[in-house]
């Protein structure tokens, strides 16, 4: 009998943790989709990085990685197929996470990891993250994105 009760308790606690972290999962996948689609396409490296994040971050480990990937794919498809509606929908999901400044900052650090997944030009991704910082009221310098350089200097430094 105690085994059944322990199992019920464990399932209940897992369910509660999933419910508590669900907005973080959705907001983070929305933010990742915004950054991944900033250059007009989602690379394989960006998809792999999302999967790695889902498997390694404590707040997201309570979810099946496929569930997170499906949410990410829904947001990327929405953004690429219907940009205005897609962006508005992703903003709503991100705003729920950003109510807590720590979670908002973590969400944007995850976006930086997505940005760095590609070995190519990151300027569009970085601009998207700086935009998200502005929208969420966070300082992009804390993420190492905003430097006192012109856009041309930043673009040239990405190529080297």
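Residue numbers (this note's numbering): 382 to 541.
Just so it is clear, CB atoms sit at the ideal spot from N, CA and C, and this is done for glycine as well.
This one's a predicted model, so the numbers in the text were calculated from it and none came from an experiment.
Jot down the residue ranges of each uninterrupted alpha helix (DSSP H) in the region 457 to 528, minimum 4 residues, whole runs only, in chain order.
464 to 479, 482 to 496, 504 to 517
Taking the straight line between their C-alpha atoms, what separation do you get for residue 555 and residue 472?
Here the chain covers residues 382 to 541 and nothing more, so residue 555 does not appear.
Here's a check: name, in chain order, each residue in its chain whose Cβ is nearer than 8 Å to the Cβ of residue 446, leaving out the five neighbours to either side.
What you label residue 446 is simply residue 65 of the chain shown in a count that begins at 1. Here the set comprises 432, 435, 436.
Assuming residue 474 and residue 411 make a contact with CB atoms under 8 Å, what is their CB distance in whole Å?
Translated into the one-based positions of the chain shown, residue 474 becomes position 93. Translated into the one-based positions of the chain shown, residue 411 becomes position 30. With 8 Å as the limit, residue 474 and residue 411 qualify as a contact, their Cβ atoms being about 4 Å apart.
Expressed to the nearest angstrom, what Euclidean distance is found between the alpha-carbon atoms of residue 506 and residue 448?
By 1-based counting over the chain shown, the position of residue 506 is 125. By 1-based counting over the chain shown, the position of residue 448 is 67. Distance between the alpha carbons of residue 506 and residue 448: 24 Å.
Separation of residue 442 from residue 510, as counted between CA atoms:
As a position in the chain shown, residue 510 is number 129, starting the count at 1. As a position in the chain shown, residue 442 is number 61, starting the count at 1. Cα to Cα, residue 510 sits roughly 24 Å from residue 442.
Cα-Cα separation, residue 464 to residue 457:
Position 83 of the chain shown, counted from the first residue, corresponds to residue 464. Position 76 of the chain shown, counted from the first residue, corresponds to residue 457. Answer to the nearest angstrom: the Cα atoms are 10 Å apart.
Return the chain-ordered list of same chain residues with a C-beta closer than 7 Å to the C-beta of residue 522, the five sequence neighbours on each side being excluded.
On the chain shown, position 141 is the one that residue 522 refers to. Once the five neighbours on either side are set aside, residue 522 has no close Cβ partner at all.
Just verifying my parser: in three-state terms, what is the DSSP assignment at residue 448?
Here residue 448 refers to the residue found at position 67 when the chain shown is read from its first residue. Helix, per DSSP.
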